[in-house]
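> For the sequence shown, the numbering used here gives the first residue as 15, with consecutive numbering after it. Starting off with a structure, shown below.
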Amino acid sequence: MKKLVQSWRWYGPNDPVSLNDIKQAGATGVVSALHQIPHGEVWTKQAILERKEMIENAGLEWNVVESLPVHEAIKTRSNMCDSYLEKYRKSLKNLASCGLNTICYNFMPVLDWTRTQLDMKLDSGARSLYFDWVNLAVFDKYVLQRNEAQNDYPMNIWEKVDKRYKSMSAKKVDKLTEIILMGVPTEKGVSLSDLRSSIDIYKELGRDGLRDNLSYFLSSIASICEEENINLTIHPDDPPFDILGLPRIARSKEDLLYILQAVDKPFNGICFCTGSLGAGSHNNLAEILLAVKERVNFVHLRNVSKDLMGNFYESEHLNGDVNMAELMGILVDMNQNRSNAIPFRPDHGYQMLDDLTKETNPGYSAIGRLKGLAELRGLELGIIYGKT
Ligand code: DNO
């Protein structure tokens, strides 16, 4: 039976995890992006080929682009939208001409994935990423000082929020702020004032406006994607909720189906991220995967453990609220009907063993992901064995 393509995210030549490490971990595919190019600017063929050659010289294949970022002007459809769309189309064309056809993006307003702690210590001594609603509300009320914050959390949270804030040193509040405003590690984060003005813009736009802008984006790139045989995959919102007054439109089965139908063409696909969707108790992952499976062209496998308040930490790949064996069973079946095997990557991993003493990108140290990949690979093999 056909196997999924084991892949690994590589942030490029400055990533502390080397291409050789990736090879030793057993991945064959590399998921990478040109983080050095400012969001929205054209990825030239030369820059793409340079990265491609680096990866191929290590005996690996650049199989997925994650991400080709969508500029805020496109998300908000502001003045410069059409010129950024033109640039996006050029980048897509250049990528396709270099043989890169699976391209991931997200449509999250301003902030990409959001956590409130990057080094939560587990009993074993390993460290993981954590999202805590009380800390988010501390930031929202006391740092961002957003008026509407009061209405956006359950009433009974505020006593805890005030207490938590009072117990925090200024240094801790600064750290929390830095973590929330952090984007992709190799790119610069968002400033508080940018976040404030963006919140106003998105308030005006609302969820429906954002959905319209996503449809406009997809329609504007449809012909180039079709001509160039590109599979575009939207990454779900992480976490799958509106946060800080910013609307989010890729949080659930309904959202994903809406996106697929908005421009109902095969190029318009999904990056199925089990950790992002799994952080919402409103999501039944197997049901979602079965509903959108024809259009899933890239997969992130990660687990989460939620508590009753909806706080969650990123747990071991096979251990947590996400039933990984069930999902892997569906993926194995899906993969058999594809002409090209579906790529997956272990999305994040614990910081553990020797990586605890190293400078690593949060979620992207080597050993935790190596463990995740090994477990997932074994799970897939076991499922395949059971079917044959
Ligand atoms: C976090 C990642 C995201 C993802 C983007 C895709 O670890 O899963 O940053 O790459 O949202 O556009």
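Using N, Cα and C, we set each Cβ at its ideal position, and we do this for glycine too.
Name the residue from E86, I62 and R210 whose alpha carbon lies nearest to the alpha carbon of V7.
Nothing can be reported for residue 7, as the shown portion of the chain is limited to 15 through 402.
> Quick check: the region 319-331 against the region 128-147, are at least 3 beta-carbon pairs closer than 8 Å?
The region 128-147 vs the region 319-331: in contact.
> Exposed or buried, L304, counting other C-beta atoms within 10 Å across all chains shown (16 or more means buried)?
Counting Cβ neighbours within 10 Å, L304 comes out exposed, since fewer than 16 surround it.
> Give a yes or no on whether the C-beta atoms belonging to N209 and V346 are separated by under 8 Å.
Sequence inspection shows Leu at residue 209; the Asn mentioned does not correspond to that position. No; because the gap between Cβ atoms is not below 8 Å, this pair is not in contact.
> Among residues of its own chain, excluding the 5 on either side of A87, which ones have a beta-carbon nearer than 6 Å to its beta-carbon?
Hits under 6 Å: M94, C95 and Y98.
> Does the ligand DNO have even one heavy atom less than 7 Å from the beta-carbon of C95?
Answer for C95: no, Cβ out of range of the ligand DNO.
> Using a 10 Å radius around the Cβ and a threshold of 16 neighbouring Cβ atoms, would you call Y102 buried or exposed?
Buried: at least 16 other Cβ atoms inside 10 Å.
> Using 8 Å as the Cβ pair cut-off and three pairs as the minimum, do the region 317-326 and the region 267-285 touch?
Segments in contact, no.
> Would you report the Cα separation of K180 and K174, rounded to the nearest angstrom?
Taking the straight line joining both Cα atoms gives about 10 Å.
> Beta-carbon within less than 6 Å of Q131's beta-carbon, same chain only, minus the 5 sequence neighbours each way: which residues are those?
If we look at Q131 and ignore the five residues flanking it on each side, its Cβ neighbours are Y144.
> Could you check the C-alpha separation between M196 and T90 for me, to the nearest Å?
Roughly 20 Å between the two C-alpha positions.
> CB of V187 to nearest heavy atom of the ligand DNO: below 7 Å?
No, since every heavy atom of the ligand DNO falls outside the 7 Å radius drawn around the Cβ of V187.
> Go ahead and label H314 buried or exposed: buried means 16 or more other beta carbons lie within 10 angstroms of its beta carbon, across all protein chains shown.
Label assigned to H314: buried.
> Which ranges does the alpha helix (DSSP H) cover as unbroken runs of at least 4 residues, wholly within the region 212-285, from first to last along the chain?
If we require 4 residues or more, the alpha helix (DSSP H) runs fully inside the region 212-285 come out as 267-276.
> Taking G139 as the reference, which of E394, D369 and R383 has the closest Cα?
Nearest C-alpha to G139: D369.
> Tell me whether W127, by its Cβ, gets closer than 7 Å to a heavy atom of the ligand DNO.
Yes.
> Is Y216 buried or exposed, if buried means 16 or more other CB atoms sit within 10 Å of its CB?
Buried, because 16 or more other Cβ atoms sit within 10 Å of the Cβ of Y216.
> According to the neighbour-count rule (16 or more other Cβ atoms, all chains shown, within 10 Å of its Cβ), is A264 buried or exposed?
So A264 ends up on the buried side.
> Leaving aside the five residues before and after E242 along the sequence, list all residues of the same chain whose C-beta is less than 7 Å from its C-beta, in chain order.
L106, K107 and A110.
> If you drop the 5 nearest sequence neighbours on each side, which residues of the same chain put their C-beta closer than 7 Å to that of F153?
Answer for F153: L190, T191 and I194, listed in chain order.
> Between I381 and L367, which are expected to be in contact by the criterion C-beta below 8 Å, what is the C-beta distance as a whole number of angstroms?
About 5 Å separates the two Cβ atoms, so the contact holds.
> Got a sec? Which residues, its chain only, sit under 7 Å from F255 by beta carbon, not counting five neighbours each side?
Here the set comprises R262, R265 and G294.
> Assuming the contact rule is C-beta atoms closer than 8 Å, V56 and R23 should be a hit. Round their C-beta distance to whole Å, please.
At roughly 23 Å, the Cβ-Cβ gap does not stay under 8 Å, so V56 and R23 are not in contact.
> Out of W76, E64 and I257, which one is the CA nearest neighbour of N165?
For N165, the nearest C-alpha among the options comes from I257.
> For D335 and Y364, I'd like the C-alpha separation in whole angstroms.
Using only the alpha carbons, I get a separation of about 17 Å.
> I need the DSSP call for Y378, collapsed to helix, strand or coil.
Correct three-state label for Y378: coil.
> Could you check whether the Cβ of E80 sits closer than 7 Å to any heavy atom belonging to the ligand DNO?
For the ligand DNO, at least one heavy atom lies less than 7 Å from the Cβ of E80.
> Using a Cβ-Cβ cut-off of 7 Å (strictly less than) and excluding sequence neighbours within five positions of A355, which residues of its own chain qualify?
So the list reads K16, K17, L18, V19 and N349, once near-sequence residues are dropped.
> Where do the ends of the beta strand (DSSP E) carrying T116 lie?
Start and end: T116 to N120.
> Mind checking K185: buried by the 16 CB within 10 Å criterion, or exposed?
Classification for K185: exposed.
> So the candidates are N34, G40 and L274; which of them puts its Cα closest to the Cα of M68?
Out of N34, G40 and L274, N34 has the C-alpha closest to the C-alpha of M68.
> Could you give the DSSP three-state label for W127: helix, strand or coil?
W127 falls in the coil class under three-state DSSP.
> So, are the CB atoms of G43 and P360 less than 8 Å apart?
No; because the gap between Cβ atoms is not below 8 Å, this pair is not in contact.
> Could you give the first and the last residue of the continuous beta strand (DSSP E) run that contains R160?
No beta strand (DSSP E) holds R160; DSSP gives it neither H nor E.
> Which class does Y364 belong to by DSSP, given the choice of helix, strand or coil?
Reduced to three states, the DSSP call for Y364 is coil.
> Once you ignore the five residues that flank H362 on each side, which residues in its own chain have a CB closer than 6 Å to its CB?
R316, E328 and G377.
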